[in-house]
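The sequence shown lines up with residues 154 to 248 when you count with the working numbering.
The beta carbon of each residue, even a glycine, is placed where N, CA and C say it ideally should be.
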Amino acid sequence: MTKYSNEFKVKAIKMVLKGNSISHVAKILNKPDIAPLCRWISHYEHGGIPQLLHKNLKYTPIFKQKVIEYKWLHHLSLNQTAAKFSIPNTGTIST
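Have a look at this one:
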């Protein structure tokens, strides 16, 4: 998994906010996969820059159950659920 700096993420988001398409920004930044950029945008839309850069690596069992139940109840994608609960990586939810 590639790690991206906070500055890189903010730069990419600002490029999209200026009207560039996600695929165009990914191409400019020399990133063949647009999935990380889509996740960053989703996080940004749900909570701005603070949520985009938020990192929480420990979750209680109760919180985990709440997240999964919410995802199922509202028929959300992994990206939508991660953004809603400020979870930086969708893999955290899928496991």
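Excluding the 5 residues flanking it on each side, Ala235 has same chain C-beta neighbours closer than 8 Å at Arg192, Ser195, His196, Pro241, Asn242, Thr243, Thr245 and Ile246, in chain order. Cα atoms of His177 and Leu205: separation of roughly 20 Å, rounded to the nearest angstrom. Excluding the 5 residues flanking it on each side, Val169 has same chain C-beta neighbours closer than 8 Å at Ile175, Val178, Leu190 and Ile194, in chain order. Each residue's CA atom was taken as its position, placing Lys208 and Asn159 some 11 Å apart.
In the displayed model, Lys184 falls within coil according to three-state DSSP, outside both helix and strand.
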